[in-house]
Structure formats: structure tokens, C-alpha cells
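Enquirer: Numbering-wise (my numbering), the sequence shown opens with residue 1 and increments by one. Following this message is one structure expressed as C-alpha cells.
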Amino acid sequence: MEKKNYAARAAIYAMGLVILAAGITMNIKTGLGVSTIISVPFAISSIWDVNFSLVTFATYALFVVIEMIIKGSDRTVIDWLQIPFSIVFSLLLNMFSKLLDFNFGHLWQNTLYLAAAIICTGAGMSMMIAMKFVPNPADGLAQAIGKALGKNMGFGKNILDASCVAIACVIGLLFDKRIIGIGIGTVAAMLLVGRCVAVFDHFFKDRMKSAAGLAE
1 MEKKNYAARA
11 AIYAMGLVIL
21 AAGITMNIKT
31 GLGVSTIISV
41 PFAISSIWDV
51 NFSLVTFATY
61 ALFVVIEMII
71 KGSDRTVIDW
81 LQIPFSIVFS
91 LLLNMFSKLL
101 DFNFGHLWQN
111 TLYLAAAIIC
121 TGAGMSMMIA
131 MKFVPNPADG
141 LAQAIGKALG
151 KNMGFGKNIL
161 DASCVAIACV
171 IGLLFDKRII
181 GIGIGTVAAM
191 LLVGRCVAVF
201 DHFFKDRMKS
211 AAGLAE
């Protein structure tokens, strides 16, 4: 076991967090559909004109509470750190929403932008997961759901993704008589982000873990 390099571990984790926030924001800016996990806060913020990052924080905090209920006595201090994580992540979303405040006029441009968004989202997730630090609340809940059902995290993520999309559709139809934020970009993110994580893991996971002193 290598000696842990906490500075490198923190740096890689922080970079992953920033890249993930950028990717999710880019997904929104394409206008082709938001990523599954933030579909509910996007629908709520669009209908009631509430700050998107604030609603995202509330949603992530709810994810943490549900995860803690599912885990019961198995919850740890690290799990509770997902609350401050949610605050930082929401602030990053707010920042990138202002920095990336532009729209492309052609479908092919938005399609390329969507591809970049999916790649960034996958890369950010890979970097954060590899560091084995505070999990993204969505990933933490997905893992808890999968474990509770005797399945893996991927199965739990599928359930969480489908639930978020369904809830977002219901909210949109009930309160605005239309589906908000769900489109081809949502489907593409659902199908391809996991693949991007796998590719990024294949090429960079061992190097990242070695740099952080986490390689076995």
C-alpha cells in the first residue's frame, strides 16, 4: 500500500467536483434536456422562478436524508459530510450558470456541446469516486438503494434516475401542463455518462489512485 498523499487526493477530488458541476451546467445550456438527477430542481425552479442552485441544494439535502434513513445504523460521519458538499456544489452550479450564460443557434452546435457536457460529467464523477472521499449525494443514495435491494450501485442509479425523471414530468404536467427539461439530452446523459466514467476509469483511475496514494 502506498503512503497516502492527502494534498493530491484533495486536489483531484476538487477538480472532479468542479468538472462535474461544469458538465451538468453545460447539459442544461444545450437546451436539449437536463441530466436526470437535476431534472426535479430544474422543473421546480423553472415553474416557480426559484434560484436553481438553491433548489438543487434542497434536493441533494433530501437525498442525504433518504440515504440516512435507508442506511439506518450503518451511516457514518462521512455520509453526513454530503450536506456541506451539497452547499459547495450548489454554489459551483450557480457560478457556472453565470459563466456559461450563452446559447448556440444550431442543433449541431448544441449536439457537440452536449457531448462535451457528458464527457465532463463522466470525467468529474470518475475523479471523485476514485478518491473515495465524500460521495456525491446522488451517488450515495444510488449506492444505498442498490445495497438495500441486494443489487449494485448501477441498479440503484437506474432506479434513482427513472424516479427523478418521472417526478419532474409529473411536476411539470401538474403545475405547468407541460414536461420541462426532459429531452434527448436527458436520455443521452442517462445512457452515456456511465460509459464515459468507465472509459475515464480505464485510462486514468490507476494513475489518479497512485498519485493520491490509494493504489493497493
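A virtual CB, placed ideally from N, CA and C, is assigned to each residue, including glycine. Only a predicted model underlies this, so the values are computations on that prediction, with no experimental measurement involved.
For K29, count neighbouring Cβ atoms within 10 angstroms of its own Cβ and tell me buried if that reaches 16, exposed if not.
Expert: K29 comes out buried.
Enquirer: Rounded to whole angstroms, what's the CA-CA distance from M95 to I70? Just pull it up for me.
Expert: Between M95 and I70, the C-alpha separation is close to 32 Å.
Enquirer: May I have the straight-line CA-CA distance separating S46 from N5, to the nearest angstrom?
Expert: Their Cα atoms are separated by approximately 43 Å.
Enquirer: Going by CA-CA distance only, name the one from V199, G140 and C169 that's closest to L81.
Expert: Answer by Cα proximity: G140.
Enquirer: Since D161 is in the alpha helix (DSSP H), which residue starts that stretch and which ends it?
Expert: Counting along the chain, the alpha helix (DSSP H) containing D161 begins and ends at M153 to D176.
Enquirer: Alpha carbon to alpha carbon, how far is A198 from M68? Give it in angstroms, no decimals.
Expert: Taking the straight line from one Cα to the other gives about 28 Å.
Enquirer: What ranges does the alpha helix (DSSP H) occupy inside the region 46-105, keeping only unbroken runs of at least 4 residues that lie completely in it?
Expert: Those alpha helix (DSSP H) runs which fall completely within the region 46-105 and span 4+ residues are 52-71, 77-80 and 82-99.
Enquirer: Answer with buried or exposed for D161, where buried requires no fewer than 16 other C-beta atoms within 10 angstroms of its C-beta.
Expert: Classification for D161: buried.
Enquirer: Taking the alpha-carbon of A58 as reference, which of K209, F42 and N152 has the nearest alpha-carbon?
Expert: The shortest C-alpha separation from A58 is found at F42.
Enquirer: Please return the same chain residues whose Cβ sits closer than 7 Å to the Cβ of A188, not counting the five positions on each side in sequence.
Expert: L114 and I118.
Enquirer: Could you check how far apart the C-beta atoms of G33 and G185 are, in whole angstroms? I think they sit under 8 Å.
Expert: Right, their Cβ atoms sit about 3 Å apart.
Enquirer: Are the region 121-128 and the region 11-22 in contact at 8 Å, needing three or more beta carbon pairs?
Expert: Yes: at least three Cβ pairs fall under 8 Å.
Enquirer: According to DSSP, simplified to helix, strand and coil, what is V34?
Expert: Here V34 sits in coil by DSSP.
Enquirer: Return the first residue and the last residue of the alpha helix (DSSP H) that A212 is part of.
Expert: First-last for A212: undefined, no H or E at that position.
Enquirer: For I78, which residues from the same chain have a beta carbon less than 7 Å from its beta carbon, with the 5 sequence-adjacent residues on both sides left out?
Expert: Contacts found: V134.
Enquirer: If you drop the 5 nearest sequence neighbours on each side, which residues of the same chain put their C-beta closer than 6 Å to that of I19?
Expert: The answer, listed in chain order, is C120, A123 and G124.
Enquirer: Going by beta-carbon coordinates alone, are I83 and V64 separated by less than 7 Å?
Expert: Cβ distance < 7 Å, so I83 and V64 count as in contact.
Enquirer: Using the three-state DSSP reduction, which class does P41 fall into: helix, strand or coil?
Expert: Of the three classes helix, strand and coil, the one that applies to P41 here is helix, per DSSP.
Enquirer: May I ask which residues mark the beginning and end of the alpha helix (DSSP H) holding F200?
Expert: Where F200 is concerned, the enclosing alpha helix (DSSP H) stretches over I184 to F200.
Enquirer: How many angstroms separate the CA atom of I38 from the CA atom of G72?
Expert: Cα-Cα distance, rounded: 25 Å.
Enquirer: Since A130 and K205 should fall inside the 8 Å C-beta cutoff, what is the C-beta to C-beta distance between them, to a whole number of angstroms?
Expert: Right, their Cβ atoms sit about 5 Å apart.
Enquirer: Using 10 angstroms around the beta-carbon of F203, count the other beta-carbons present and answer buried if the total reaches 16, otherwise exposed.
Expert: Burial call: exposed.
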